Every structure is written in C-alpha cells, then in structure tokens.
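Q: According to mature numbering (1 follows the signal peptide of the UniProt record, and there is no 0), the stretch in the sequence shown is residues -25 to -1, 1 to 188, in order.
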Amino acid sequence: MIRKRSLVRRIAAVTASGAAVLVLAACGGNGDDNSSAAGHGGHNAAASSSASAPASQGRHNAADVAFAEGMIPHHRQAVEMAGLAPERAQSPEVKKLAADIRKAQEPEIKKLSGWLTSWGEEVPTEGAMDHSMHGGMEGMMTAEEMTELENASGKAFDTAFLEMMIKHHEGAVEMAETEQADGVHAAARRMAADIIASQSAEIEQMNKLLGKD
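See the structure below:
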C-alpha cells in the first residue's frame, strides 16, 4: 500500500509539472508570435501580400503600395494647381482654399514617400509620369487641362480651378476608399480616412462657390 501511494504521488506530481510546462510554453509562444509579427511584419512577404492580415503599423500589402504610389503624383498635381492661385485667382475664397490644399497635401506627400522607402519600394520621381499619362484616371488633369488653367486668370481661373479640383478631389476620395477597403497598413488607412473626410468637405465647399448648392 505504501508503495502504491508513493507511486500515485509521483505520477500526480509529474502530471502537474507537465501541465505547468505546457501552460508556460503556450504563454511564451503567444508572446513570441506577437512580438515577431510586430517587429517583422513590414518585412514579411506573406504579411505584405495578405489583404486579410490584421491592420497594424508594421504590416502592408499591395493595396497600400498602390495607394502610396498613386497618391504621390496625384497630390503633386493638386499642389501644382494650387500654386497657380496666388497670382491668377480673383476670389479670396479660392486663394484660401488653394493655400489649405497645399498645406494639407505637401506633408502627406512626404509621409507617403517615407512609407514607400521603408517598404523597399521606389518613390515616383517628379516629372517621371507626365499629365497625359494620368489624364482621365482617378481625377488627374491632362496636359491640355493644366495648360488651360495656367493660361486663365481672374474669374475664369476661379471657375476652371474649382471645376478641375472637384474632379481631382473626387479621384482622390475614390483612391482613398479603395485603400480603406483593401489596405492593411494602419497609418495609410488613417490617412485615407482623413482624405475622404477633408476632401469631401472641400468638394462641398467648391460646389457652393460655383453656385451649385
């Protein structure tokens, strides 16, 4: 009987010890997985390509890259258009709107460029893609439309600027909505949400300036 009791005690002790090891291993495994995902998600090809991956600061996918690559030249053109307003616009409201556009979009260009660099992607160079390549796509102006805007002044400039910028903003909102739907990079998705909110509000403002609302 004494031997049996001793054997039972040893079996119970071993079983309890084994269970404790399994619990510790499970906890340690989860911690390692999370730290690995956070630390290396941005460099993991599988995470980069998975649209269903949880949104996090480090992870990105093809939709995030496409958003950054497309939004950089898109923003650059908006900044170029806005840069014409101080000398050509007649309306103080148009001049202020143009200044606000430049103030908002120039920092976003830098952020987008930084993301592409950190992801090992090339940043679109200025002038590498001319207006004719973008005309009619995502609200980009053609070379002819840009020339028309450059040659306008006064009220004619105000009208052309507002009409073109509405189209331009609508393209940006569409691109941002695609990022919201398909992207996984947390900061890129936040920027997309900001673009949707701010540029939708500006579209409403520009329509009012044109007397459409």
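Positions of the beta carbon are idealized from the N, C-alpha and C atoms, including for glycine. As the structure is a prediction and not an experimental result, all values here were calculated from the model.
Tell me, please, which residues DSSP counts as bridged to Gly129.
A: Looking at the DSSP assignment, Gly129 forms a beta bridge with Ala64.
Q: Roughly how many angstroms separate the alpha carbons of Lys70 and Arg77, rounded to a whole number?
A: About 11 Å.
Q: Taking Glu81 as the reference, give the member of Trp94, Pro67, Ile47 and Glu96 with the closest Cα.
A: The residue with the shortest Cα to Cα distance from Glu81 is Ile47.
Q: Comparing C-alpha positions only, which one of Glu123, Arg63, Gly58 and Trp94 sits nearest to Asp39?
A: If we check each option's Cα against that of Asp39, Trp94 comes out closest.
Q: Between Ala168, Ala163 and Phe136, which lies nearest to Glu68 when the distance is taken from Cα to Cα?
A: Checking every option, the nearest Cα to that of Glu68 belongs to Phe136.
Q: Please list, in chain order, all residues of the same chain as Glu96 whose beta carbon is under 8 Å from its beta carbon, the five residues on each side excluded.
A: Excluding sequence neighbours, Glu96 sits near Val40, Ala43 and Glu44.
Q: Let me know the secondary structure DSSP gives Trp90 once reduced to three states.
A: Of the three classes helix, strand and coil, the one that applies to Trp90 here is helix, per DSSP.
Q: How close, in whole Å, do the beta carbons of Ile178 and His144 come, if the pair is a contact with beta carbons under 8 Å?
A: Confirmed, Cβ separation roughly 5 Å.
Q: Helix, strand or coil for Gly146, going by three-state DSSP, please let me know.
A: Correct three-state label for Gly146: helix.
Q: Beta-carbon within less than 8 Å of Ala176's beta-carbon, same chain only, minus the 5 sequence neighbours each way: which residues are those?
A: Result list for Ala176: empty, nothing under 8 Å.
Q: How big is the Cα-Cα spacing for Leu91 and Thr117?
A: Leu91 and Thr117: Cα-Cα distance of roughly 26 Å.
Q: Between Ala163 and Arg63, which are expected to be in contact by the criterion C-beta below 8 Å, what is the C-beta distance as a whole number of angstroms?
A: Actually they are not in contact, since the Cβ atoms of Ala163 and Arg63 sit about 34 Å apart, beyond 8 Å.
Q: What first and last residue would you give for the alpha helix (DSSP H) that runs through Met116?
A: Looking at the DSSP string, Met116 is not in any alpha helix (DSSP H), and its letter there is neither H nor E.
Q: State the start and end residues of the unbroken alpha helix (DSSP H) segment that holds residue 277.
A: The chain is shown from -25 up to 188; residue 277 falls before or after that span and cannot be answered.
Q: Answer with buried or exposed for Asp169, where buried requires no fewer than 16 other C-beta atoms within 10 angstroms of its C-beta.
A: So Asp169 counts as exposed.
Q: Using a Cβ-Cβ cutoff of less than 7 Å, which residues in the same chain neighbour Glu113 once the five nearest sequence positions on both sides are dropped?
A: Answer for Glu113: Gly45, His49, Gly146, Glu149 and Met150, listed in chain order.
Q: Cα separation between Glu152 and Asn36?
A: Cα to Cα, the separation comes out at about 16 Å.
Q: According to the neighbour-count rule (16 or more other Cβ atoms, all chains shown, within 10 Å of its Cβ), is Glu101 buried or exposed?
A: Per the 10 Å Cβ criterion, exposed.
Q: Got a sec? Which residues, its chain only, sit under 7 Å from residue 214 by beta carbon, not counting five neighbours each side?
A: Any answer about residue 214 is impossible in this case: the structure gives the chain only from -25 up to 188.
Q: Buried or exposed: where does Glu119 fall if 16 or more other Cβ atoms within 10 Å of its Cβ makes it buried?
A: Exposed, by the Cβ-count rule.
Q: Could you work out which residue in Arg51, Gly89, Gly158 and Ser66 is closest to Met115 when comparing CA atoms only?
A: Selected option, being the one with the closest Cα: Arg51.
Q: Could you pull out every residue in the same chain whose Cβ sits closer than 6 Å to the Cβ of His160, ignoring the five residues on either side in sequence?
A: If we look at His160 and ignore the five residues flanking it on each side, its Cβ neighbours are His35 and Asp39.
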